[in-house]
């Protein structure tokens, strides 16, 4: 990691202006966003944010109160200015998963320190090209414990006229409420207020509010209530959640940094969706940490289609074989897997290993011991027992764990998250989190954390009838809000309708694999639903990336529709979903492509909701792609360079006639008995250990036929 931090005093950048009211400001590197911090005559702190264009300042965030309440001192009024420091943040870093893997954290920062009766509070503000962030910091040193009871931070939008896309906060915060469109100022359906993230559009500006870098000495916050005139207040977790005996305050020694308050701001939704601000602000992983063992992908999951299946050894073997047939590398065995017995479970892992399919299992995190689902709900909360369990399953060959039922945003459970993630990394276990809090940039600190639920996902098709009808527009809103701040385990791909009805089309459900960003994709439906798909559809699923080099917003409107493009290497995945009951036509102009010839695979809505049409043809980079989505429909378009420099084939091929072309090809995969595979390379084709063409397959390797 290359970190460059230089302290400078440039009035043009940091523009220190001490007036009668004491005002300071910090401006983004591109000069478009400016935060102003003011200390008024009563010693109360406020901030505002301007968008600057053509030398004209437009206020996006009005003067909004700042302040934090510590048990020994209330840092709200009677503050006096002590000092200010400035620095440039310029840091290059990499992620293991996410919407963009190679990133630059680039911002201007000021730290202003204030004093109240000899006790100090620092306010750190950063101005990025796509947003403003700030945090409270107690700079003194003490081994005594101090307690934060809450804060008085507000976000006052420039206008109370406009729209908001928000999720009601729950007294029991597991973030599985619907994300709907509201008027700014509309009361929350929940007495607990609103959850992060919250998206606003007012005066033609887009603002997404969330937080980042919650650590083990903090809690997760939410928007408590609407104050009025576009003014929202940030507050601590609800005391009366499922753990009312645990305090909702936070305690730490000093120095102590509170979480970042994040405001992503732009004139287009593209600024919101493409932002990596939450990760920029998070604590980084040590650059000496080995992450080479972290291997992810798309996996099958039997629980949704058959709740009792995790206990059934033979059933799970079927899922392993199906995963292999689809070119997938993982299965998730959910709660009650212990009933299968150790011998059967270890045999299952061995069988998966023989086919190159890894096994995950499920644990109760202990937030809701009333629903154990066959697991010991206190296991994860006992350090010695947890570590012994992790050592045991690592020795068995389990590659990942799914943790469920945290159910609290209080500090005690934030400590539990960190303890589990640290121990899991030590034992080289990947992690999915369910029944959990929202992303806080933790994937930067813990790259073994591949995804988190914190959403009303496809699981709820089983339990909430209204969700079966509301999910299309909710899915659109997820892409504009929840998925902006981090990976999301939505469990997409519900194709069948015999178990429960849902009005999303098959193409919509398959588009979610690339509309949603996640470090691990858990397919929800029974495996037969995927095996019955056309060959091109299966190829798209089997080769779907879960970590991206680039993400672009193409077009869309919250609550209506969205089209995104994501790049992995030289291949682009363009996908869209329709949230409305009427069809929608879009024409994709792929200006993001490099000039050249491409192979285009398309998966679009068919004649009705349950049919898909697939095609494959050559495509010129200057062409257009017109698509019509059915009501609640969707599409996926894959654009591959006609002749990439190299192709490394490791996933099995089954029942496909798709040619594989590149300058060079290396293969260690299995060509299945029903496959018809053609490898074409201009330079060479190398068949490595592990490659085989099974009896009954048609396999051809040829030099030539690959041109750009």
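Residue numbers (our numbering): 1320 to 2027.
A virtual CB, placed ideally from N, CA and C, is assigned to each residue, including glycine.
In this text, all values refer to a predicted model and were calculated from it rather than measured experimentally.
Distance from the CA of residue 1659 to the CA of residue 1610, rounded to the nearest whole angstrom, comes to 32 Å. The segment 1503-1520 makes no contact with the segment 1432-1451: fewer than 3 CB pairs, one atom from each, lie closer than 8 Å. Contact between the segment 1780-1792 and the segment 1886-1894 is absent: fewer than three C-beta pairs spanning the two stretches fall below 8 Å. Taking C-beta atoms as the reference points, residue 1843 and residue 1865 fail to come closer than 9 Å. Between the segment 1941-1960 and the segment 1900-1908 there are three or more C-beta pairs closer than 8 Å, enough to call the two in contact. Annotated three-state conformation of residue 1926 is coil, per DSSP.
Counting along the chain, the unbroken alpha helix (DSSP H) around residue 1736 starts and ends at 1730-1745.
A Cβ-Cβ contact shorter than 9 Å links residue 1827 with residue 1924. Where residue 1420 is concerned, there is no enclosing alpha helix (DSSP H), because DSSP gives it neither an H nor an E. Rounded to the nearest angstrom, the gap between the Cα atoms of residue 1591 and residue 1959 is 27 Å. Rounded to the nearest whole angstrom, the CA to CA distance from residue 1739 to residue 1972 is 37 Å. Beta bridge pairing from DSSP links residue 1446 with 1427 and 1451. Rounded to whole angstroms, the gap between the alpha carbons of residue 1554 and residue 1582 is 16 Å. The Cβ neighbour count for residue 1858, taken over all protein chains shown within 10 Å, is at least 16; the residue is labelled buried. When DSSP states are grouped into helix, strand and coil, residue 1857 belongs to the helix group. Under the DSSP definition of a beta bridge, residue 1475 partners with 1550. Under DSSP, residue 1869 forms a beta bridge with 1886.
The Cβ atoms of residue 1668 and residue 1767 do not sit closer than 9 Å to each other.
Beta-bridge annotation (DSSP): residue 1343 is paired with 1356. Every beta strand (DSSP E) of 3 residues or more that sits fully in the segment 1751-1823 is shown, in chain order, as 1768-1771.
Here the alpha carbons of residue 1655 and residue 1772 stand approximately 20 Å from one another. Between the alpha carbons of residue 1979 and residue 1920 lies a gap of roughly 13 Å. Under the three-state reduction of DSSP, residue 1988 is assigned to coil, being neither helix nor strand. DSSP lists 1519 and 1584 as the beta-bridge partner residues of residue 1526. For the pair of segments examined, the segment 1830-1841 was found not to touch the segment 1519-1537: the number of CB pairs separated by less than 8 Å stays below three. In this structure, residue 1470 lies near residue 1540, with their beta-carbon atoms less than 9 Å apart. Residue range 1632-1645 is occupied by the alpha helix (DSSP H) that includes residue 1644.
In summary, residue 1436 is exposed, with fewer than 16 beta-carbon neighbours lying within 10 Å of its beta-carbon over all protein chains present. Nearest Cα to residue 1760 within the set 1394, 1603 and 1366: 1603. According to DSSP, residue 1649 shares a beta bridge with 1618 and 1677. With a cut-off of 8 Å on Cβ pairs, the segment 1711-1718 is in contact with the segment 1669-1681, counting three or more such pairs.
DSSP lists 1880 as the bridge partner or partners of residue 1897.
Put simply, of 1569, 1696 and 1502 the residue whose alpha carbon is nearest the alpha carbon of residue 1486 is 1502. The residues 1632, in chain order, have a CB closer than 8 Å to that of residue 1666 in the same chain once the five nearest residues on each side in sequence are set aside. One thing to note: residue 1619 has its Cβ within 9 Å of the Cβ of residue 1649.
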